[in-house]
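Chemist: Take a look at the following structure, please.
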Amino acid sequence: MTEKKRAAASGGMAGLFRNQIFIPIAALLLLAAFNLIVDPSFFKITLGTNSEGYSVLTGNLMTILDYGSEVAILAIGMTLVTAASGGQDISVGATVAIAGSVILRILVGLGGDGTLQAPIIVAFLAACVVSMLFGAFNGVLVAIFKIQPMVATLILYTAGRSIAAWINNNELPIVTDKTFTYFGGFIPGLPVPTPFFLAVVCVVITMLVLKFTNLGLYTQAVGINASSSRLNGLNPTFIKWLSFVILGLCVAVVGLIKTSRLSTINYSVIAKDIEMDAILAVALGGNALSGGKFNIPASILGAYVIQFLTTTLYKFQVSSDALPAYKAVVVVLLVVISAPAVKEKMAALSKKMKTQKEVG
Amino acid sequence: MKENAVLEMRNIHKSFPGVRALHQVDFTLCEGEIHALMGENGAGKSTLIKVLTGVYEKDEGEIYLKGSEKPVSIKSPQDAQNLGISTVYQEITLCPNLTVAENMYIGRGKSGLTNWRKMNADADRILTNLGIPARATQQLSDCSIAIQQMVAIARAVDMDCKVLILDEPTSSLDESEVEKLFGLMRDLKARGVGIIFVTHFLDQVYEVCDKITVLRDGELVGEYVIEDLPRVKLVAKMLGKELNDMEEIKDENQVYKGPEERVFEAEGLQSDAGIRPFDFYIRKGEVNGFTGLLGSGRSECVRAIFAADKVIAGRVKKNGKPVKIAKPLDAMKNGIAYLPEDRKRDGIVGDLSVRDNIILAAQVLRGFFRPFSRAEANRFADEYIKLLEIKTASADTPIKSLSGGNQQKVILARWLLTHPEYLILDEPTRGIDIGTKIEIQKLVLKLASEGMSVTFISSETDEMLRTCSRLIVMRDRKVVGELSSDELTQSKVMETIAGGNVG
Chain A
2 MTEKKRAAAS GGMAGLFRNQ IFIPIAALLL LAAFNLIVDP SFFKITLGTN
52 SEGYSVLTGN LMTILDYGSE VAILAIGMTL VTAASGGQDI SVGATVAIAG
102 SVILRILVGL GGDGTLQAPI IVAFLAACVV SMLFGAFNGV LVAIFKIQPM
152 VATLILYTAG RSIAAWINNN ELPIVTDKTF TYFGGFIPGL PVPTPFFLAV
202 VCVVITMLVL KFTNLGLYTQ AVGINASSSR LNGLNPTFIK WLSFVILGLC
252 VAVVGLIKTS RLSTINYSVI AKDIEMDAIL AVALGGNALS GGKFNIPASI
302 LGAYVIQFLT TTLYKFQVSS DALPAYKAVV VVLLVVISAP AVKEKMAALS
352 KKMKTQKEVG
Chain B
9 MKENAVLEMR NIHKSFPGVR ALHQVDFTLC EGEIHALMGE NGAGKSTLIK
59 VLTGVYEKDE GEIYLKGSEK PVSIKSPQDA QNLGISTVYQ EITLCPNLTV
109 AENMYIGRGK SGLTNWRKMN ADADRILTNL GIPARATQQL SDCSIAIQQM
159 VAIARAVDMD CKVLILDEPT SSLDESEVEK LFGLMRDLKA RGVGIIFVTH
209 FLDQVYEVCD KITVLRDGEL VGEYVIEDLP RVKLVAKMLG KELNDMEEIK
259 DENQVYKGPE ERVFEAEGLQ SDAGIRPFDF YIRKGEVNGF TGLLGSGRSE
309 CVRAIFAADK VIAGRVKKNG KPVKIAKPLD AMKNGIAYLP EDRKRDGIVG
359 DLSVRDNIIL AAQVLRGFFR PFSRAEANRF ADEYIKLLEI KTASADTPIK
409 SLSGGNQQKV ILARWLLTHP EYLILDEPTR GIDIGTKIEI QKLVLKLASE
459 GMSVTFISSE TDEMLRTCSR LIVMRDRKVV GELSSDELTQ SKVMETIAGG
509 NVG
């Protein structure tokens, strides 16, 4: 190899190692390799017909695409909240319940017979407004009253599910309309689960917003140094608040998916612990949980990796009660590997090996 | 090792990706001497200190300490401390919400238990011994910056240090506080402590130091006894060239000659930062300045103009028309730019790249929905990196990894990119080497000659005298005088600050 080429190659390698997206990719490959060795049938995808008589793809990978999309959508908002406020919103699961409850209340109404009282789009938009309002509530606590994000969102984390139940007077409305099942299931003729398409739409919109506005630059500047951002004409309070409102919008989409899956709601179980998955997705994406720079694609990949992990564990007959414990072990491993201290050591090690090779 | 040397660093090498920070550097410190470490920004002073204190690991070289035959290995700040090497940084690294005594003893207890009474008594004894006017049980944040600095030194001294490193300790102190600090340093010197003193203030070097080691571009220029190295030569060694820039930089031909209408005017302006209402104006192409002792309110005045603090009273006019400036963005829209005093807290956005830091203000002015394209941003960044000779590996480098002077240039670039009519520079040269200082002063005069109005604030009076044509003097948070033309002399300024002739 010529001198120049070698330098370029090593730069490329080092660049990859230092790149944020390397972490979730490595985790994904690791999980995939593990499954491949233990049981290659994990990756089997079959084309079959579901109970409705449509031909759909099934298999573990489809499950990951399906449920991972919920986490991915939340991870978009969570990444922005993390970057701007340096903290996380732990109330997303509870606000998903609220959003879902609003959708059902508007679609079916109290004591309804299950037929649609209003178009689905109206119900969804109402849910958007409501969860953005709750996001705004969190945002006010964090941005104006300067309360620690986790503490501020603890309020809704505790109260959210009761509020959700109260919206429907503690009834469990059931939607009988078939089109409502499309959002959490399949659209006739499309063999891929709809949540994946919804996630794609959300990601595309986010990417366009980041490209055609300064949301990215402003959020990062505020997250890194609010004081200096203010002296550059930014309004840190507004930008922090805005990130919570955007997360509210993501929550509404997940609320739609979740209620569509069951055509009804279970207030205490719906989207339980999903906030932890969303926060882990952000962390796994290599974003600093203390705020500042962020990378949305890495978070989204992180979300699917989390779901990959969950599905793998289910595959090995881990009961859903024990799941968090197993997840914790894996998460500890992943987070330690991606910790800056370890990364530095790795970089030093690879440098050392390289010089030895050159000498030898 | 040389006789009575406490520290010897030999053949130190250190590289960062893309930068050779130190190359074959030797450094020797003797017992009971104050040794100045001098060099421009990016000369390698900080890197050398950080290698010595274990913040960085050296690539090559040996460090010897008194009483050990073999070279010592310093892998962490903890190692350095255990070997008797203590550091006091420019920024206070203590905990403001703890008491003075707690700050002096934090992280030093061998056991988990603390004898609070003994700790407070010990602390009080040391404070009295060193003549530091603070009580052990006082909360640190209640002390002035200077006292906090001294507490940091007291902490270092009490840990049996043989080598004390003072990294720019005086940059936020006023003159009487600096005197106290020097007293403390001389005291320690008499006790045999070797002190490494890093500073940009030449006066201070010649006041307290015994020897000078000069670095340039990561290499050792030489070690000199202070008597053998007059100032002009020192500056020449630091810059690597003989220069006559130290003389008058005002050039009579380089003066703005257009109409001199008032660009900005304020009447009874007051902010919530505790200054008295003041009147102010600046003409087109004028350079004026606020002067006064530290804490006299000079920064608060310009912050009020830019609405960096909350404005509570006053009227302002821009080019004769009344305008409302309630927040920084209003000021920016009116063509005012403000380079803040505290670069780290109010200036840089540390993790962002040099490019993003340069375009930030211009981008905010342009609007949320109109981001600069990648190509435009790169063009601006490259243009200003070249124009201001910013030393950075690339425009993508995070600004926090640049040296202080280069960070300052980036912030300056940020504001120049907004093409302001009125530029406020609050301590733009603090903590910056002399070469960059002169560059910035020259730039200010050049901008003014092109019609920009500039307000310049500096702790160094001679710097103000060299650049400003009118000085507003402040004392105790109010404007007490205004000096121009013939009155602009060091003694007149001092007199007005002190208020001697008033009585």
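Heads up: the protein sequence lines correspond to chains A and B, in order.
Residues in the first sequence are numbered consecutively from 2, following our numbering.
Residues in the second sequence are numbered consecutively from 9, following our numbering.
Beta carbons are placed, not taken as given, at the ideal position from N, Cα and C, and that holds for glycine.
Please state the DSSP three-state secondary structure of Val230/B.
Modeler: Just to set this straight, residue 230/B is Gly in the shown sequence, not Val. Here Gly230/B sits in strand by DSSP.
Chemist: Start and end of the alpha helix (DSSP H) containing Tyr430/B?
Modeler: Not the alpha helix (DSSP H): Tyr430/B falls in the beta strand (DSSP E), residues Tyr430 to Asp434.
Chemist: Quick one: what does DSSP say Asn296/B is sitting in, helix, strand or coil?
Modeler: Strand.
Chemist: Rounding to the nearest angstrom, what Cα-Cα distance links Lys335/B and Leu232/A in this structure?
Modeler: Rounded to the nearest angstrom, the two C-alpha atoms are 9 Å apart.
Chemist: Quick one, which residues of the segment 360 to 373 of chain B are near chain A if we go by CB-CB under 8 Å, in chain order?
Modeler: Answer set for the segment 360 to 373 of chain B: Leu360, Asp364, Leu368, Ala369, Gln371, Val372 and Leu373.
Chemist: Within 10 angstroms of the Cβ of Asn342/B, are there 16 or more other Cβ atoms? Answer buried if so, exposed if not.
Modeler: The residue in question, Asn342/B, is buried, as its Cβ has 16 or more Cβ neighbours within 10 Å.
Chemist: Which bits of chain B does Ile225/A rub up against, with CB to CB less than 7 Å?
Modeler: Here the neighbours are Val357, Gly358, Asp359 and Leu360.
Chemist: Just checking my contact of Gln118/A with Val130/A at CB under 8 Å: how many whole Å lie between their CB atoms?
Modeler: Not really, about 18 Å apart at Cβ, beyond 8 Å.
Chemist: Of all Cβ atoms in chain A, is any one closer than 8 Å to the Cβ of Asn252/B?
Modeler: Note on Asn252/B: pLDDT 48, under 50, position unreliable in the model; the coordinate value appears next. Not one chain A Cβ lies under 8 Å of Asn252/B.
Chemist: Would you report the Cα separation of Thr136/B and Asn12/B, rounded to the nearest angstrom?
Modeler: Spanning the two alpha carbons is a distance of roughly 29 Å.
Chemist: Within the chosen definition, does the segment 473 to 491 of chain B reach the segment 280 to 295 of chain B through at least 3 CB pairs nearer than 8 Å?
Modeler: As far as the Cβ criterion goes, the segment 473 to 491 of chain B touches the segment 280 to 295 of chain B, which means the pair count is three or higher.
Chemist: Does Arg387/B get closer than 8 Å to chain A when you measure Cβ to Cβ?
Modeler: Chain A, which has no Cβ nearer than 8 Å to the Cβ of Arg387/B, makes this no.
Chemist: Is DSSP giving Phe190/B helix, strand or coil here?
Modeler: Reduced to three states, the DSSP call for Phe190/B is helix.
Chemist: When the Cα of Glu397/B is compared with those of Ile442/B, Phe377/B and Glu447/B, which residue comes out closest?
Modeler: For the residues Ile442/B, Phe377/B and Glu447/B, the minimum Cα distance to Glu397/B belongs to Glu447/B.
Chemist: Find the nearest neighbour of Val324/B within the set Glu273/B, Asp350/B and Ala312/B, judged by alpha-carbon distance.
Modeler: Looking at the Cα atoms, Glu273/B is the closest of the given residues.
Chemist: Return no unless some Cβ of chain A is closer than 8 Å to the Cβ of Arg4/B.
Modeler: Past the boundaries of the shown model lies residue 4/B; chain B is included only from 9 to 511, so the question cannot be answered.
Chemist: Could you give the distance in angstroms between the alpha-carbon of Lys259/A and the alpha-carbon of Ala272/A?
Modeler: Taking the straight line joining both Cα atoms gives about 7 Å.
Chemist: Should Pro141/B be labelled buried (16 or more other beta-carbon atoms within 10 Å of its own) or exposed?
Modeler: Its Cβ having fewer than 16 others within 10 Å, Pro141/B is exposed.
Chemist: Quick check on the DSSP output: the alpha helix (DSSP H) that includes Leu172/B runs from which residue to which?
Modeler: No alpha helix (DSSP H) contains Leu172/B, which is instead part of the beta strand (DSSP E) from Val171 to Asp175.
Chemist: On a CA-only basis, which of Lys316/A, Val343/A, Ala299/A and Pro341/A is nearest Phe23/A? Give me that one, please.
Modeler: Nearest option by C-alpha distance: Ala299/A.
Chemist: Report yes if the CB atom of Leu228/B is closer than 8 Å to the CB atom of Val27/B, and no otherwise.
Modeler: Not closer than 8 Å, so no.
Chemist: Where do the ends of the beta strand (DSSP E) carrying Val270/A lie?
Modeler: Counting along the chain, Val270/A falls outside any beta strand (DSSP E), and DSSP gives it neither H nor E.
Chemist: Given that Ala316/B touches chain A, what residues does it touch there, using C-beta distances under 9 Å?
Modeler: The answer, in chain order, is Arg231 and Leu232.
Chemist: Is the segment 338 to 349 of chain A in contact with the segment 52 to 62 of chain A, if contact means three or more CB pairs nearer than 8 Å?
Modeler: Judged by Cβ distances under 8 Å, the segment 338 to 349 of chain A makes no contact with the segment 52 to 62 of chain A, as fewer than three pairs qualify.
Chemist: What are the boundary residues of the alpha helix (DSSP H) that includes Gly377/B?
Modeler: A small correction: the amino acid at residue 377/B is Phe; Gly does not occupy that position in the sequence shown. Premise fails: Phe377/B is in no alpha helix (DSSP H) and is neither H nor E.
Chemist: So what does DSSP say about Asn252/B, is it helix, strand or coil?
Modeler: Confidence at Asn252/B is low in this model, with a pLDDT of 48, below 50, so the placement of that residue is unreliable and no value is reported for it.
Chemist: Looking at C-alpha atoms only, which residue of Thr116/A, Trp167/A and Thr195/A is the closest neighbour of Asp178/A?
Modeler: Cα-wise, what sits closest to Asp178/A is Thr116/A.
Chemist: Evaluate the contact criterion for the segment 166 to 185 of chain A versus the segment 261 to 272 of chain A: three or more CB pairs, one atom per stretch, below 8 Å.
Modeler: Judged by Cβ distances under 8 Å, the segment 166 to 185 of chain A makes contact with the segment 261 to 272 of chain A, as three or more pairs qualify.
Chemist: Can you tell me which of Ser230/A, Val93/A, Leu250/A and Leu263/A puts its alpha carbon nearest to the alpha carbon of Thr182/A?
Modeler: Checked all of Ser230/A, Val93/A, Leu250/A and Leu263/A; the closest Cα to Thr182/A is Leu263/A.
Chemist: Count the other CB atoms, across all protein chains shown, that sit within 10 Å of the CB of Lys83/B; report buried if there are 16 or more and exposed otherwise.
Modeler: The residue in question, Lys83/B, is exposed, as its Cβ has fewer than 16 Cβ neighbours within 10 Å.
Chemist: Where does Leu142/A fall in DSSP's three states?
Modeler: Three-state result, Leu142/A: helix.
Chemist: Give the secondary structure of Ile393/B by DSSP, where H, G and I count as helix, E and B as strand, and everything else as coil.
Modeler: It is helical.
Chemist: Looking at the unbroken beta strand (DSSP E) that takes in Cys38/B, where does it start and where does it end?
Modeler: Run containing Cys38/B: Val27 to Cys38, per the beta strand (DSSP E) assignment.
Chemist: Identify which residue in Glu41/B, Ile42/B and Tyr64/B has its Cα closest to the Cα of Gly52/B.
Modeler: Looking at the Cα atoms, Tyr64/B is the closest of the given residues.
Chemist: Among Leu216/A, Gly94/A and Asp114/A, which residue has its Cα nearest to the Cα of Ala84/A?
Modeler: Ala84/A has its Cα closest to that of Leu216/A, out of Leu216/A, Gly94/A and Asp114/A.
Chemist: So is Met17/B buried or exposed if we call it buried at 16+ other beta carbons inside 10 Å?
Modeler: The residue is buried, with at least 16 neighbouring Cβ atoms inside 10 Å.
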